[in-house]
Amino acid sequence: MEPLDSRDRSVGIDMGGSWIRAALGDRNGKIIRRAVAPMDAGDADAFIKQLDALIRRVAGDSLGEVTGIGIGAAGRLDLKRGAIMFSPHTCLRDFGIASELESRTGKEVRLLNDCATAVLAERLIGAGRGCDNLVYVGIGTGIGGGIIVDGRLILGKDGNAHEIGHMIIDIDGRIACECGGLGHWEAYTSGSGLPKLARHLAEGYAEESPFLDCVRKCRPNAKEIFDAAAGKDRFAVHVLDVASEINSKAFANLVDLYDPELITIGGGLAMKNRDLVMPPISERLPAYSFNRAPRVIPTPLGEDAPLLGAILAAYGPAGTHGV
Ligand SMILES: [Zn+2]
Numbered sequence: 555m556e557p558l559d560s561r562d563r564s565v566g567i568d569m570g571g572s573w574i575r576a577a578l579g580d581r582n583g584k585i586i587r588r589a590v591a592p593m594d595a596g597d598a599d600a601f602i603k604q605l606d607a608l609i610r611r612v613a614g615d616s617l618g619e620v621t622g623i624g625i626g627a628a629g630r631l632d633l634k635r636g637a638i639m640f641s642p643h644t645c646l647r648d649f650g651i652a653s654e655l656e657s658r659t660g661k662e663v664r665l666l667n668d669c670a671t672a673v674l675a676e677r678l679i680g681a682g683r684g685c686d687n688l689v690y691v692g693i694g695t696g697i698g699g700g701i702i703v704d705g706r707l708i709l710g711k712d713g714n715a716h717e718i719g720h721m722i723i724d725i726d727g728r729i730a731c732e733c734g735g736l737g738h739w740e741a742y743t744s745g746s747g748l749p750k751l752a753r754h755l756a757e758g759y760a761e762e763s764p765f766l767d768c769v770r771k772c773r774p775n776a777k778e779i780f781d782a783a784a785g786k787d788r789f790a791v792h793v794l795d796v797a798s799e800i801n802s803k804a805f806a807n808l809v810d811l812y813d814p815e816l817i818t819i820g821g822g823l824a825m826k827n828r829d830l831v832m833p834p835i836s837e838r839l840p841a842y843s844f845n846r847a848p849r850v851i852p853t854p855l856g857e858d859a860p861l862l863g864a865i866l867a868a869y870g871p872a873g874t875h876g877v
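Heads up: the sequence shown is residues 555 to 877, going by my numbering.
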């Protein structure tokens, strides 16, 4: 086998809600070297230095020869300016990440939403090969989506055509989202949302349970909710049942909007708790969608889906808009 030409390599960055993942990879989706760090997004200057260091750690001596850098970033973007306009889980506001990194590395930087890069990876090297109508849903700290309709990656005027986590699923707006909006999907069932849903449901819950006590006295995180539900605590099971109902209805909205053949699910929360998160969505979705229900499966790319897509996005418009 021929050794890979180092100029055929690229660097991918996945900036989710909590972690930055960086990797040196190739256009077949092979990862050669990777690094991960908790996101240091207290201020933009510290963040860009951290990002620059991670890129150099994975690229090593071959940074000068890589094809480019692809970024999949959570938050509201302005793709024409290569900027992150608003990122609910960090302090980044109107931040020109592409030009900052281009001046530091001398490499062309291509920015997309993290779930847009994930659906790109799904289409090119994952479960969506040969599939023209495909949705990827990432359920992690927040909820994001990447959408391909009729073989085209949907982007919109600024690159935010798929901000599905901020879709309003509760018209009474009973729970506030990290973005400041009310009633948004991710405020109820994401890693940051589930604890808020548990506190909301605790107010009117008539029976007693050890976990209900815990919710009233402290602030359990999403992992503790899943742990309690796995231990059959009645209240924790109830919280996840309500969350599954919300997820199923939100997925039905996606099916009716985009008419996909396939929906793949990724994101840290869903991948770590797949037996509790995914089967109820597949089971309940057909009852709620007007359109014919698609196949719903966990992404075979695992938590690497956005990172792999960022590596592929670095190869340019042919790899992004022409999927
Ligand atoms: Zn929101």
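Every residue gets a Cβ at the ideal spot worked out from N, C-alpha and C, and that includes glycine. These numbers come from a predicted model, not from an experiment.
Under 5 Å, CB to nearest heavy atom of ligand 1: contacting residues: 720, 731, 733, 735, 738
N- and C-terminal bounds of the beta strand (DSSP E) containing residue 565: Reading the sequence shown from its first residue, position 11 is the one you call residue 565. Its beta strand (DSSP E) spans residues 563-569.
Beta-carbon gap between residue 748 and residue 776 smaller than 8 Å: The residue you call residue 748 lines up with position 194 of the sequence shown. The residue you call residue 776 lines up with position 222 of the sequence shown. Contact: yes.
Residue 759 (DSSP reduced to helix, strand or coil): By one-based count along the sequence shown, residue 759 stands at place 205. Looking at residue 759 - three-state DSSP - the assignment turns out to be coil, as it is neither helix nor strand.
Helix, strand or coil at residue 730 [DSSP, three-state]: For the purposes of this step, residue 730 is identified with residue 176 of the sequence shown, where counting begins at 1. Note: residue 730 maps to strand in three-state DSSP.
Simplified DSSP state of residue 644, which is helix, strand or coil: As a first step, residue 644 is located in the sequence shown; it is residue number 90 there, counting from the start. Residue 644 falls in the coil class under three-state DSSP.
Buried versus exposed call for residue 795 [16 or more other C-beta atoms within 10 Å across all chains shown]: Position 241 of the sequence shown, counting from 1, holds the residue named residue 795. Under this definition residue 795 is an exposed residue.
Limits of the alpha helix (DSSP H) - the one that residue 828 falls within: Against the sequence shown, residue 828 aligns to sequence position 274. Taken as a continuous stretch (DSSP letters only), the alpha helix (DSSP H) holding residue 828 covers 828-842.
Classification of residue 667 by the beta-carbon crowding that lies within 10 angstroms, buried from 16 upward: As a working note, residue 667 is residue 113 in the sequence shown. Buried, since its Cβ has 16 or more Cβ neighbours within 10 Å.
Beta carbon of residue 664 nearer than 8 Å to that of residue 863: Counted from its first residue, the sequence shown places residue 664 at position 110. Counted from its first residue, the sequence shown places residue 863 at position 309. Not in contact: residue 664 and residue 863 (Cβ atoms no closer than 8 Å).
Backbone secondary structure at residue 695 - three-state DSSP: Sequence index remark: in the sequence shown, residue 695 carries index 141 (1-based). Three-state result, residue 695: coil.
Status (buried if at least 16 other CB within 10 Å, exposed otherwise) for residue 562: The residue given as residue 562 occupies position 8 in the sequence shown. That one is exposed.
Residue environment, residue 732, which counts as buried when at least 16 other CB atoms sit within 10 Å: The residue labelled residue 732 in the question sits at position 178 within the sequence shown. Residue 732 comes out buried.
For residue 686, three-class secondary structure by DSSP: The residue given as residue 686 occupies position 132 in the sequence shown. In this structure, residue 686 counts as coil in the three-state DSSP scheme.
Cβ pair count under 8 Å reaching 3, the region 718-729 against the region 737-747: yes
Cβ contact check for the region 843-854 and the region 649-659: 3 or more pairs under 8 Å: no
Span separating the alpha-carbon of residue 762 from that of residue 831: For the purposes of this step, residue 762 is identified with residue 208 of the sequence shown, where counting begins at 1. For the purposes of this step, residue 831 is identified with residue 277 of the sequence shown, where counting begins at 1. Distance between the alpha carbons of residue 762 and residue 831: 24 Å.
Closest residue to residue 643 among 594, 583, 610 (Cα-Cα distance): Along the sequence shown, read from residue 1 onward, the residue named residue 643 stands at position 89. Measuring from the Cα of residue 643, the nearest candidate turns out to be 594.
CB contact flag (residue 699, residue 729, <8 Å): Taking the sequence shown and counting its residues from 1, the one referred to as residue 699 is at position 145. Taking the sequence shown and counting its residues from 1, the one referred to as residue 729 is at position 175. Their beta carbons are not under 8 Å apart, which means residue 699 does not touch residue 729 by this criterion.
Given residue 579 as reference, the closest of 675, 840, 704 once Cα atoms are compared: For this step, residue 579 is matched to residue 25 along the sequence shown. Of the listed residues, the one whose Cα sits closest to residue 579 is 675.
Limits of the unbroken alpha helix (DSSP H) element including residue 632: The residue you call residue 632 lines up with position 78 of the sequence shown. No alpha helix (DSSP H) holds residue 632; the beta strand (DSSP E) holding it covers 630-632.
For residue 764 and residue 706, the rounded distance between their alpha carbons: To locate residue 706, count along the sequence shown from 1; it is residue 152. To locate residue 764, count along the sequence shown from 1; it is residue 210. Answer to the nearest angstrom: the Cα atoms are 49 Å apart.
Cβ neighbours of residue 610 in the same chain (closer than 7 Å, five flanking residues each side left out): Within the sequence shown, residue 610 is the residue found at index 56, counting from 1. Within the same chain, residue 610 has close Cβ partners 617.
Contained beta strand (DSSP E) runs [length at least 3] in the region 786-834, N- to C-terminal order: 816-820
Start and end residues, alpha helix (DSSP H) containing residue 611: Looking up residue 611 in the sequence shown gives position 57. 598-613 is the span of the alpha helix (DSSP H), which, as asked, contains residue 611.
Candidates 571, 569, 586, 570: closest to residue 577 by CA position: Looking up residue 577 in the sequence shown gives position 23. The option with the nearest alpha carbon to residue 577 is 586.
Collapsed DSSP secondary structure at residue 591 in the structure displayed: Walking along the sequence shown from the start, residue 591 turns up at place 37. Strand.
Cβ shell of residue 735 (< 7 Å), same chain only, five flanking positions each side left out: In the sequence shown, residue 735 corresponds to position 181, counting from 1. Correct list, in chain order: 720.
Candidates 633, 766, 649, of which the one nearest residue 670 by Cα: In the sequence shown, residue 670 corresponds to position 116, counting from 1. The residue with the shortest Cα to Cα distance from residue 670 is 633.
Exposure of residue 600, with buried meaning 16 or more beta-carbon neighbours within 10 Å: By one-based count along the sequence shown, residue 600 stands at place 46. Exposed is the call here.
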